[in-house]
Amino acid sequence: YSLGTPNGVKVTILLEELNEALGLEYDAWKISIFDLDQFGSGFVKVNPNSKIPAMMDYAHEPPIRIFESGNILKYVAERHEMFIPTGLREKTECFNWLFWQVGSAPYLGGGFGHFYVYAPMKIEYAIDRFAMETK
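Quick note on our numbering: the sequence shown kicks off at 1 and runs consecutively.
Here's what the structure looks like:
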């Protein structure tokens, strides 16, 4: 359940990689955040936080719900035993970057975009700070 947002695209890329490598098939359901689909009762059962992306793994009974892009990436990679190293050092480094991309990257990139493009008044310090962090 997703849309072509940065977080949604991350999951789609992984699913497409697994489709190419393993022939993994999946269903994609559009959740239009512009139409407020994420607040519908059907989607809230999948993700009580009403955020995309989210998914259901129907290979289990009862199905397993997975939400938050980083957790979806981790779950899918672990379930199919691909893309996550097995050695402690390599696995830790992999998760260092996974958690950075879900925790820091959106804040930094979003902060830069907000202050550079959308803020009603330009604050040079904020623009410079987020530009430096984004680089």
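We treat Cβ as the ideally placed atom computed from N, Cα and C, and that holds for glycine.
Here the structure is a predicted model, which means the values were calculated and not measured.
Same chain only: Cβ atoms within 7 Å of residue i, ignoring 5 sequence neighbours per side
i: I33; result: L3 and I52
Residue interval of the alpha helix (DSSP H) (run including residue i)
i: I13; result: P6 to L22
i: D128; result: E124 to T134
i: F95; result: L88 to G103
i: A77; result: S69 to R79
i: F43; result: S41 to V46
Contact set for residue i: own chain, Cβ-Cβ below 6 Å, skip 5 residues either direction
i: F67; result: N47 and A54
i: G111; result: F130
i: L24; result: L18
Assigned exposure category for residue i - 16 Cβ within 10 Å defines buried
i: G42; result: exposed
i: N49; result: exposed
i: I13; result: exposed
i: L22; result: exposed
Inter-residue Cα distance where the pair is residue i and residue j
i: V11; j: E124; result: 35 Å
i: Y116; j: G70; result: 27 Å
i: G40; j: P63; result: 19 Å
i: R89; j: N96; result: 10 Å
i: E78; j: T86; result: 10 Å
i: T92; j: V102; result: 15 Å
i: H114; j: K45; result: 32 Å
i: Y107; j: R65; result: 26 Å
i: F59; j: M82; result: Reading the sequence as shown, one finds Ala at residue 59 and not Phe. About 18 Å.
Residues bridged to residue i [DSSP beta-bridge criterion]
i: S2; result: K30
i: A54; result: F67
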